[in-house]
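A quick write-up on the structure given underneath.
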Amino acid sequence: MAVGLSGFAFGVTSAGAGLGVWQTCALSLLVFTGASQFALVGALAAGGNPLTAAAGAFFLGVRNAFYGLRLSAVLGYRGAVRPLAAHWVIDETSAVALAQPDRHRARLGFTVTGLTLYVLWNLTTLGGALGAEALGDTAAWGLDAAGPAVFLALLAPMLRTAVERAAAGLAVLLVLGTLPVLPAGVPVLLSALAAPAVLAVQGRGGRAAPGGPDTAHHRTTGEDRA
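Quick note on UniProt numbering: the sequence shown kicks off at 1 and runs consecutively.
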């Protein structure tokens, strides 16, 4: 139900951004990663450059490559099946597959989840694109907020450590600070700098910290010998 509502919202948002029905459906058929699709049409609707909008969507979709690295070992697909399975590597299929106790169930969960969501996402995208005209002013419905809301709902439980929360917080500040002055789509690209910035600060802090674990270990060992 959640994915169906998001697919419908994407169809409406894409049509409201000026894309035709076939263009909207092609995005869902060929891209099939909701956050990236919402980012693309959102940037286009705000008047952003198509290349900048596509770059922002690409960076959001990069996370699927990291899912793929993990799923490659879990699913063990080979040959022609592998690139086909890669098209279904999204948040939901990864979560279901990785939760299974063995390879057989992981493949079953991945396939069932991927097939049902792919069909449902594309059908509801088509419905949203066709129904956008009947809704009138699509901006008044606020459906463009559905994509970011779903993405935040998926992201929030994953922010378990202080480093992860700091990177997310800095990314938000970068977007909010640059949104009024930079072209649409560019603030999303800049927010990607939050992760290396936080990791760099963490690395300096770790090197500068006096009496690290190794020092403490050697000191304790020396005291024991004495």
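Backbone N, C-alpha and C fix where the C-beta goes; we use that ideal spot for every residue, glycine too. Just so we're clear, the structure is a prediction, and the values are computed from it rather than from any experiment.
Worksheet item: Would you say the region 49-56 touches the region 107-115, given that touching needs at least three Cβ pairs under 8 Å?
Response: no
Worksheet item: So what's Val-12 in DSSP terms, helix, strand or just coil?
Response: helix
Discussion item. Counting C-beta neighbours from all protein chains within 10 Å, is the total for Leu-115 16 or more, i.e. buried, or is it exposed?
Written reply: exposed
Worksheet item: Quick one: Cα of Leu-193 to Cα of Ser-28, how far?
Response: 28 Å
Worksheet item: What's the C-alpha gap between Thr-125 and Gln-202?
Response: 42 Å
Item to complete: Answer yes or no: do His-87 and Phe-32 have a C-beta to C-beta separation smaller than 9 Å?
Response: yes
Item to complete: Go ahead and label Asp-91 buried or exposed: buried means 16 or more other beta carbons lie within 10 angstroms of its beta carbon, across all protein chains shown.
Response: buried
Discussion item. Just to check my reading of the structure: Val-198 and Leu-173 have Cβ atoms closer than 8 Å, yes? What is that Cβ distance to the nearest angstrom?
Written reply: Incorrect: roughly 12 Å between the Cβ atoms, too far for contact.
Worksheet item: Quick one, are the C-beta atoms of Leu-60 and Leu-44 less than 9 Å apart?
Response: no
Discussion item. Within the continuous alpha helix (DSSP H) that includes Asn-49, where are the two ends?
Written reply: From DSSP, Asn-49 is part of no alpha helix (DSSP H); its letter is neither H nor E.
Fill in: Cα-Cα separation, Leu-176 to Glu-164
19 Å
Worksheet entry | Separation of Pro-83 from Val-12, as counted between CA atoms | 30 Å
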